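In the numbering used here, the protein residues as written are 501 to 959.
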Amino acid sequence: MQSIERDLQTQQPKIQRVDIHMRKNQNFAKYFSPRMLSIGPIHHGKENLRLGEHYKLIWTAMYLKESKQNPEDLCQKIELHIEEVKGFYTKEAIGDYNDNDLVWMLFVDGCSVLQIMQKLDAVHPKKLRIKFDQQEHVIMDLHLLENQVPYKVLELLSNNDEAMLLHSMFNLGFDGFLSYIVYDSLIPFNDSESWAKIFEKLLSDEDLPQAKRKPNHVLDFVRLMFLKIDYKDLMVNKSKQENEIPKKGDGEHKIDVKGRHSSWLTYKNIRELKAAGIQVRKNETLCLNNVSFVSKWFSGELTLPWFHVDELFFYIYLNMIAYEKCPDFHYNYDICSYLAFLDTLVDDANDLKELRLAGVCQNTLGSDEEVAKLLNSIGTELASKEFCLLSTGMMAYNEKYTRVRDEIKKHCNTKWKTWMAQVYNTHFSNPWSICAFLAAALALVLTAIQTWLAFLSNN
């Protein structure tokens, strides 16, 4: 039994269907189904994806021509490893497809994914012989949990050129996540030493043996990018950031295990934090784990990673949440932790507006009210915040957010700090209130002087 349990803990999550409860949510259903491409067996052959089948054959031909590889040889590679490859899918995902069908399907889909990742260019979609709107659909489709091809297949089709494969996957994640960064400022791709360090940081995991330190598929790789990569590390000219996250030991404190639950239950939204004298500041790093809180004499400062809300935002995040909620996913709920934390901060459009004004959020999807409602609805799909501890005593949610929440709670419980914040908000928050305060103070001074002079004259 111990060996079985150990195997389950080290087993990689399989490619599978999204949890049925998430699919039943009418607000989310569209974010789990492909619009143009089927990748893998789950959505293969659907009528609304026929155009994608046409383009996949084009991309496969382009990839074979540019890589100068023989299609028969590549199919044979997949065929030799078909049993191993099938192990990366659940039986339900594979369905009734036989081995021959799977070999051809994974060959075409794998070559297509490689070609897309290598040629994806937000400015020039013609490199893939498609239009702008089609390219947006392609990017979204490649981030779906149900639309993945195993990393092993991509390895076989790329002739085990891991550096090229990781660069290609990074290109996809970069275009979907960090596309506003100028390409010219990136570390050149021919700087193999620098990129090797970046990928080593990305794929490092002390809980896994060295042999398993590879992404499971594209979505898994993008998730790791969100959690581990600081885009400043990717720039040619890196400067020391003014808003670095405190290192271990700088302002951190021990967390009372018995009180961990309460930090999630007694939360405050952005406006309540602002009323308590806590200001929100943008963290330029973008890494989701880079959140911090500093309590000062009369105020506090909550630093949050910048995020951009567009349609792709919900495609990526909802599928990463679905990935973390898979029954065979045995790691911390890092993405769920971030969204749960964000959900506690945003109650309505006014809270999102405060984040926009602070430069933390850029909203190009719709109204603040619409985005706030979507964020709150995501919160209902997350594991209960009341039950933050696993049976092993390990945090199910990322401890970083719990610690920050505890620090905020401690700050708010220091009454004199919140009183000073209330005084500031009441009398010094804008020029008019300052003028009114000064006028009242001047009136009191003049009244006191008048009273004193009257007293002197009477004597």
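Note that CB positions come from ideal geometry on N, CA and C, so glycine has one too. Only a predicted model underlies this, so the values are computations on that prediction, with no experimental measurement involved.
Tell me the DSSP secondary structure of residue i in three-state form.
i, result
"Y833", "strand"
"I594", "helix"
"R856", "helix"
"T803", "strand"
"I616", "helix"
"V780", "strand"
"I539", "coil"
"H808", "strand"
"F798", "coil"
"D633", "helix"
"L868", "Note that residue 868 corresponds to Asp in the displayed sequence, not to Leu. DSSP places D868 in helix when its eight states are reduced to three."
"D847", "coil"
"F528", "coil"
"V623", "coil"
"L842", "helix"
"T880", "coil"
"G972", "In the structure displayed, the chain extends from 501 to 959; residue 972 sits before or after that span and is not available."
"S533", "coil"
"K714", "coil"
"T947", "helix"
"D601", "helix"
"N958", "helix"
"S704", "coil"
"N671", "helix"
"D661", "coil"
"D609", "helix"
Look at the alpha carbon of residue i and the alpha carbon of residue j, and state the distance between them as a whole number of angstroms.
i, j, result
"R723", "G859", "23 Å"
"E811", "F793", "29 Å"
"D828", "G777", "43 Å"
"H830", "F807", "27 Å"
"Q950", "K909", "47 Å"
"F607", "A529", "28 Å"
"Y531", "N819", "8 Å"
"H717", "A775", "44 Å"
"S891", "Y823", "Low per-residue confidence applies at S891: pLDDT is 40, beneath 50, and the placement is therefore not dependable, though the value from the model is reported in the following sentence. About 21 Å."
"E646", "H667", "23 Å"
"D519", "D661", "34 Å"
"F813", "M640", "9 Å"
"I578", "S795", "56 Å"
"K900", "V809", "23 Å"
"L837", "N898", "It is worth fixing the name first, because residue 837 is Ser in this sequence and not Leu. Cα to Cα, the separation comes out at about 6 Å."
"C974", "H581", "There is no way to answer for residue 974, as the model of the chain reaches only from 501 to 959."
"L842", "R629", "38 Å"
"Q618", "K524", "35 Å"
"Q516", "T880", "22 Å"
"K758", "V846", "Residue placement at K758 is flagged as unreliable, the pLDDT there being 43, under the threshold of 50; a coordinate-derived value is accordingly withheld."
"P715", "L703", "7 Å"
"K873", "Q526", "13 Å"
"L855", "I770", "8 Å"
"F726", "I539", "23 Å"
"N832", "G673", "21 Å"
"T785", "L802", "14 Å"
"K631", "D720", "27 Å"
"F588", "D868", "40 Å"
Just reading off the beta strand (DSSP E) that residue i is part of, what are its end residues?
i, result
"C861", "C861 to N863"
"S795", "S792 to S795"
Let's see if you can read the secondary structure: which residues bound the alpha helix (DSSP H) around residue i?
i, result
"I821", "E811 to E824"
"F726", "V718 to K728"
"N913", "E899 to N913"
"D573", "P571 to L580"
"T785", "Neither: T785 is in no alpha helix (DSSP H) and is coded neither H nor E."
"H643", "Unbroken run through H643: none, as it is neither H nor E."
"S567", "R550 to S567"
"K652", "Y651 to L657"
"K774", "I770 to A775"
Determine which residues share a DSSP beta bridge with residue i and list them.
i, result
"I515", "Y589"
Return the Cβ separation of residue i and residue j in integer angstroms, given the expectation that the two are a contact with Cβ distance under 8 Å.
i, j, result
"M536", "L551", "7 Å"
"V649", "I616", "So it is not a contact: roughly 11 Å between Cβ atoms."
"I835", "Y817", "7 Å"
"K627", "D621", "5 Å"
"L852", "L882", "With a Cβ gap of about 18 Å, L852 and L882 do not count as contacting."
"L642", "C611", "Between C611 and L642 the Cβ distance is about 14 Å, and since that is not below 8 Å, they are no contact."
"V904", "V791", "6 Å"
"K728", "K697", "K728 to K697, Cβ: 12 Å. No contact."
"L665", "L654", "6 Å"
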